[in-house]
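Below you'll find the structure, written out as structure tokens, and then a few comments.
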Amino acid sequence: MRILPVLAAATLSSTLIAAPASASTNPVLGPTAYGYGGGIATVDATATAAGLHVLRHGGNAIDAAVAAAATLGVTEPFVAGPASGGFLVYYDAKRHKVSTIDGRETGPATMTPTYFIDPVDGLPYDFQEARVSGLSTGVPGALATWDAALRQWGTRSLGSVLKPAAAVADRGFTVDAQFRQQINDNLAAFGQFDSTKALYLPGGAPPALGTIQRNPDLADTYRQIARQGIDSFYRGPIGADLVKTVQHPPVSANPVGTWAYPIRPGVLTQDDLAAYRVRRPAPTVSDFQGLDVYGMSTPSSGGTAVGEALNILEKVDPSDVTQVLHTYLEASALAFADRGRYVGAYTPQDVLQKLISDRWAGQRACQISPAKALIKPVAPGDIDASGCTPAPATLTPDNGLSTTNITVADRWGNVVEWTFTLEQFGGNGIVVPGRGFMLNNELTDFNFTPTQGAAPDPNLPGPGKRPRSSMSPTIVLKHGKPFLALGSPGGASIITTVLQILVNRLVLDMDLPTALAAPRGSQRNTAGIQAEPAFRTRYGPALTPLGHSFGPDMAEIGAATAMEFTAHGGIIASAEPTRRGGGSAGVIHRTR
């Protein structure tokens, strides 16, 4: 979480920083805010402030979301920025309709299923070799998403909502422990490139705590986009610099640290950038206890996996916490098995609809015993059969970790749930020289080799293809109106984080801040549960006798943001209290 005080009044307006003069002017309060008139939750106080500023000055949820996303490109540069991509789910209050934008990255036109196979030995590249290279960068979808969302639903121009982010990049923000640790974790990768070293390793080391991190190159990039539009990126000089960097990585003659792999050039071209278009697929929708759960369709697997698992969970006894968590873990494993077997960029609609149907949930739930956990990995279901008829078991790896999430609502009742990413913390490690933003490594979300045995793998690379994602921006409607909105970072654990928060809130009846803060366990069809220490300590004694086993502890899983819509127009905006340094939420008015 970044610190606000270095932002002068001219940056975002002093109303965002000073103590409130009355209950009706509520600044950024911390991880949870209660109130009316709209609100926002992000992982970062500065981004939340940018979004609140837009909302307070008449902008709507889309305007505020884009302003916050651009600001995260400055203060959370290892997860966001012009080279990122993601998925946006939007509730239009006027039309009572949920829509989506797919701003996922695409592969180059020359990409083939063997893209990540070393032609010298015929073996797949090690993940880090593929990641820290030009090969891993896909055509970014962020700017196209910003522009498309504003044109369709916004009230402000792209140029106007980029101004706060450019100001933050110029003035800088205070380096905190989280920011410094992310650099330190990537020190060897960042140290291989002159442009990255210059920005994030001054003097050969991460910036000291409490120093001011500025990025004038990114400020200039934002201002150029504000003046010239997104064509300056997809068809102009910014894109030309991106392509040059991908094809000729700026490898340093004097690296910081050692790197075990050659830095391979990529094949992305300016024609690939110019060909990029966002998609607007219909959202996934499933029913859970009378609520309509809307999610993201392919190439995200989040909507189908969350929907399938919720359908399996629908009949669990909410009074038995152990059985709720047991069923949650089993349902997650089953959904991940089906995801790996069937879900990719080109999955047919009839298959997606079947995966989130009650009938399919019945076919999968029949394998769950209340007394004994399934042996993992479990097998996917046979999509063409009925009854408990699993196919051969397979395991699909997922490497992505670096993601961020924004939840926004405005005074008119519009809601934005938006998840976006560079894939790993620090993307591919390369800052575009003179432009100030880091490249993504999204293409490593493809499977490098087939993972489904003799069956087709839906997530192999292909020309212009979008890699499968776990991002799960979710909006829940009650009687046709927003009730919950939530999303999270965390790679493949995004699905289980969103699912567990829904289980906590809707099944175990926790209030929203408690549902977010509760310890997390993630079962992604692996032999052991990935869990935070508190989850293992609290629930392990009851789950282990049922046959659940735990892998190595994870310090934290996810960093969610969420919003609940209460009676008489009230909202609860909530972010993480501690994970990833703690998030930030704010509302327009604390009282009606």
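When you line the sequence shown up against our numbering, it's residues 23 to 614, in that order. We treat Cβ as the ideally placed atom computed from N, Cα and C, and that holds for glycine.
Q | Among Val338, Ala507, Ala395, the one whose alpha carbon lies nearest that of Gly550 | A | The sequence position of residue 550 within the sequence shown is 528, counting from 1. The shortest Cα separation from Gly550 among Val338, Ala507, Ala395 belongs to Ala395.
Q. To the nearest angstrom, how far is it from the Cα of Thr267 to the Cα of Arg249?
A. Against the sequence shown, residue 267 aligns to sequence position 245. Against the sequence shown, residue 249 aligns to sequence position 227. Going from the Cα of Thr267 to the Cα of Arg249 covers about 23 angstroms.
Q) What residue range is occupied by the uninterrupted beta strand (DSSP E) comprising Lys503? A) Stepping through the sequence shown from its first residue, residue 503 is reached at position 481. Lys503 -> beta strand (DSSP E) spans 503-509.
Q | Three-state class that DSSP yields for His611 in the structure shown | A | Here residue 611 corresponds to residue number 589 of the sequence shown, with the count starting at 1. If DSSP states are grouped into helix, strand and coil, His611 belongs with the strands.
**Q.** Contact the segment 248-262 vs the segment 211-225: 3+ CB pairs below 8 angstroms
**A.** no
Q: Taking 8 angstroms as the cut-off, decide whether the C-beta atoms of Ala624 and Thr54 are in contact.
A: What is shown of the chain runs 23 to 614, which leaves residue 624 out entirely.
Q. Nearest-angstrom Cα distance between Arg117 and Asn436?
A. Residue numbering aside, residue 117 sits at position 95 when the sequence shown is read from its first letter. Residue numbering aside, residue 436 sits at position 414 when the sequence shown is read from its first letter. Rounded to the nearest angstrom, the two C-alpha atoms are 10 angstroms apart.
(Q) Under DSSP, the beta strand (DSSP E) around Val438 begins and ends at which residues? (A) Translated into positions along the sequence shown, residue 438 becomes position 416. 437-445 is the span of the beta strand (DSSP E), which, as asked, contains Val438.
Q | Of the listed residues Glu578, Thr519, Phe195, Ala69, nearest to Leu332 (C-alpha basis) | A | As a first step, residue 332 is located in the sequence shown; it is residue number 310 there, counting from the start. Comparing Cα-Cα distances from Leu332 to each of Glu578, Thr519, Phe195, Ala69, the minimum goes to Thr519.
Q: Would you kindly work out how many angstroms separate the C-alpha atoms of Ala581 and Thr496, rounded to a whole number?
A: The count along the sequence shown starts at 1 and reaches residue 581 at position 559. The count along the sequence shown starts at 1 and reaches residue 496 at position 474. Roughly 15 angstroms between the two C-alpha positions.
Q: Mind checking which residues open and close the alpha helix (DSSP H) that includes Thr519?
A: Position 497 of the sequence shown holds residue 519. Element bounds for Thr519: 515-524.
Q: For the segment 373-382 and the segment 538-548, state whether three or more C-beta atom pairs, one from each stretch, are separated by less than 8 angstroms.
A: no
**Q.** Ser596, buried or exposed, once every other Cβ within 10 Å from all chains shown has been counted against 16
**A.** Taking the sequence shown and counting its residues from 1, one reaches residue 596 at position 574. Classification for Ser596: buried.
(Q) If contact is defined by three or more beta carbon pairs under 8 angstroms, each pair taking one atom from either stretch, is the segment 561-577 in contact with the segment 362-371? (A) no
Q: Kindly list the residues whose CB is nearer than 6 angstroms to the CB of Pro556, restricted to its own chain and excluding five residues on each side of it in sequence; keep chain order.
A: Start at 1 with the first residue of the sequence shown, and residue 556 comes out as number 534. One detail in the question is off: residue 556 reads as Ala in this sequence, not Pro. Same-chain partners within the cutoff: Pro541.
**Q.** Complete beta strand (DSSP E) runs within the segment 98-123 (minimum length 3 residues, chain order)
**A.** 107-114
Q: Would you mind working out which of Leu264, Pro277, Ile516, Ala304 sits nearest Asp294, comparing C-alpha positions?
A: Counting from one through the sequence shown, the residue named residue 294 turns up at place 272. With distances taken between Cα atoms, Asp294 lies closest to Leu264.
(Q) Just to confirm the assignment, what range does the beta strand (DSSP E) spanning Asp309 have? (A) For this step, residue 309 is matched to residue 287 along the sequence shown. Counting along the chain, the beta strand (DSSP E) containing Asp309 begins and ends at 306-310.
(Q) Out of Met318, Thr320, Asp314, which one is the CA nearest neighbour of Glu336? (A) Here the question's residue 336 lines up with position 314 in the sequence shown. The candidate whose alpha carbon is nearest that of Glu336 is Asp314.
Q | C-alpha distance - Gln552 paired with Pro399, whole-angstrom precision | A | If you number the sequence shown from 1, residue 552 lands on position 530. If you number the sequence shown from 1, residue 399 lands on position 377. Looking at the two C-alpha atoms, the distance is approximately 14 angstroms.
Q) Could you give the distance in angstroms between the alpha-carbon of Gln345 and the alpha-carbon of Ile579? A) The sequence position of residue 345 within the sequence shown is 323, counting from 1. The sequence position of residue 579 within the sequence shown is 557, counting from 1. Each residue's alpha carbon lies about 22 angstroms from the other.
Q: Let me know the secondary structure DSSP gives Ala275 once reduced to three states.
A: On the sequence shown, residue 275 is found 253 positions in, with the first residue counted as 1. If DSSP states are grouped into helix, strand and coil, Ala275 belongs with coil.
Q. Is the segment 96-109 touching the segment 62-79, taking contact as three or more C-beta pairs under 8 angstroms?
A. yes
(Q) Quick check for students: name the residue ranges of the alpha helix (DSSP H) that lie wholly in the segment 523-606, counting only runs of 4 or more. (A) 534-539, 555-565
Q) For Asn463, which three-state DSSP category applies? A) Translated into positions along the sequence shown, residue 463 becomes position 441. In this structure, Asn463 counts as coil in the three-state DSSP scheme.
(Q) On the CB-based measure, 16 or more other CB atoms within 10 Å of its CB, does Asn82 come out buried or exposed? (A) On the sequence shown, residue 82 is found 60 positions in, with the first residue counted as 1. Counting Cβ neighbours within 10 Å, Asn82 comes out buried, since at least 16 surround it.
(Q) Given this structure, state the Cα-to-Cα distance separating Leu180 from Asn450, to the nearest angstrom. (A) Taking the sequence shown and counting its residues from 1, one reaches residue 180 at position 158. Taking the sequence shown and counting its residues from 1, one reaches residue 450 at position 428. Rounded to whole angstroms, Leu180 to Asn450 spans 27 angstroms at the Cα level.
Q: Grab me the residues of Pro599's own chain with a C-beta within less than 6 angstroms of its C-beta, minus the 5 sequence neighbours each way, in chain order.
A: Position 577 of the sequence shown, counted from the start, is the residue given in the question as residue 599. For Pro599, where only same-chain residues beyond five positions count, the Cβ hits under 6 angstroms are Pro53, Ala539.
Q | Burial state of Trp434, where buried means 16 or more other Cβ atoms lie within 10 Å | A | For the purposes of this step, residue 434 is taken as residue 412 along the sequence shown, with counting starting at 1. By the neighbour-count rule (16 or more Cβ atoms within 10 Å), Trp434 is not buried but exposed.
Q. Of all the options Gly325, Ala296, Leu461, Arg299, which has the alpha carbon lying nearest to the alpha carbon of Asp309?
A. Reading the sequence shown from its first residue, position 287 is the one you call residue 309. Among Gly325, Ala296, Leu461, Arg299, the Cα nearest to that of Asp309 is on Gly325.
Q | Short Cβ contact (8 angstroms threshold) for Leu76 with Ala89 | A | The sequence position of residue 76 within the sequence shown is 54, counting from 1. The sequence position of residue 89 within the sequence shown is 67, counting from 1. Sequence check: residue 76 is Val here, not Leu. Contact flag set, yes.
Q. Secondary structure at Gln371, three-state DSSP: helix, strand or coil?
A. Taking the sequence shown and counting its residues from 1, one reaches residue 371 at position 349. Reduced to three states, the DSSP call for Gln371 is helix.
Q | Best match in Ile397, Ala152, Ser510, Leu356 for proximity to Ile615 [C-alpha to C-alpha] | A | Outside the modelled stretch of the chain, which goes from 23 to 614, sits residue 615, for which no answer is possible.
Q: Use the C-beta contact count for Gly605: other C-beta atoms within 10 angstroms, 16 or more gives buried, fewer gives exposed.
A: Here residue 605 is taken as the residue at index 583 of the sequence shown, counted from 1. Buried, because 16 or more other Cβ atoms sit within 10 Å of the Cβ of Gly605.
Q. Hey, out of Glu586, Lys487, Pro478, Ser323, whose CA is closest to Ile523's CA?
A. Taking the sequence shown and counting its residues from 1, the one referred to as residue 523 is at position 501. The option with the nearest alpha carbon to Ile523 is Glu586.
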